[in-house]
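Numbers 4 to 160, taken from our numbering, label the letters of the sequence shown in order. Backbone N, C-alpha and C fix where the C-beta goes; we use that ideal spot for every residue, glycine too. Comments concern the structure below.
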Amino acid sequence: MKLDKTDWLVLKLVQGDLPMGKMPFDMLARQAGLDVDSLLEKISELKNRGVIRGFKAIVRHYRLNIGANAMVAWSVPDTRLDEVAKELVAMESISHCYERHGLDDYNLFTMIHGRDKKDVEDIINTAVLSLGLKRYRVYWSERELKKTSMLYAEEDD
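Structure (C-alpha cells):
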C-alpha cells in the first residue's frame, strides 16, 4: 500500500499520545499544517484503508488489579485452526492471538489476562471445555520488563 507524505505525517502524529487539551485534534492539525477537517478526513481515509485500526486509551492493567497474565500455547488441529481462533479472539480476557508453526505441534498462542491466577485458570478451562482442546501449555508472566507501543512513522519518514 502506497502512502504519501501527508499520510506518514498524520500517522506520526496520531500514533502517540493525544495532546492534552480541550481540542486535541485541532492541536494535531496545526502540527500537521492542516485544518482540523482535513486532518479528520485523512485519519478516516487511513482507517478505511486499514492502515489505522482505531484510537483507544491504553490502560495500565496492573493498576486495576488485573494481576495475572499467561501466554497459552495451544495444539489445534489445522482443520480447526480458524474456528478455534475465532472463538478465542471473541473472549474479552484474550488480548493477543497468533498462529505460529514450528514449535512442536503448538500452533496457536494467546495472551490471557485476569484478576488473579485462578481467574486466568478459569478462562483457560472454559476454553478447553467449550472448544474440546486437549493439549496446551501455560506460561505465566512473572513481571513486566517492557511494554510500549510500536512507532511506525519516525521523524525521518
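Reference residue i; option with closest CA among the options
i, options, result
"V54", "L106, L14 and K25", "L14"
"I126", "Y109, Y101 and E90", "E90"
"D101", "D119, W77 and E124", "Going by the sequence as given, residue 101 is Tyr instead of Asp. The shortest C-alpha separation from Y101 is found at W77."
"V17", "M4, R33 and S96", "R33"
"L106", "R140, F58, V131 and L136", "R140"
"K121", "H104, R138 and W143", "W143"
"D7", "L21, M94, G57 and K45", "K45"
"L84", "I97, D108, R146 and L12", "D108"
Residue j beta carbon less than 7 Å from that of residue i
i, j, result
"V75", "T113", "yes"
"D119", "A71", "yes"
"V79", "N110", "yes"
"V87", "L134", "yes"
Bridge partner(s) assigned by DSSP for residue i
i, result
"I97", "I115"
"V75", "T113 and V141"
"E102", "L111"
Burial state of residue i (16 or more Cβ within 10 Å)
i, result
"H116", "buried"
"S47", "exposed"
"L148", "exposed"
Scan the stretch 21 to 61 and note each continuous alpha helix (DSSP H) run of 4 residues or more that stays entirely inside, going in chain order. Listed in chain order, the complete alpha helix (DSSP H) runs (minimum 4 residues) inside the stretch 21 to 61 are 27 to 35 and 39 to 51.
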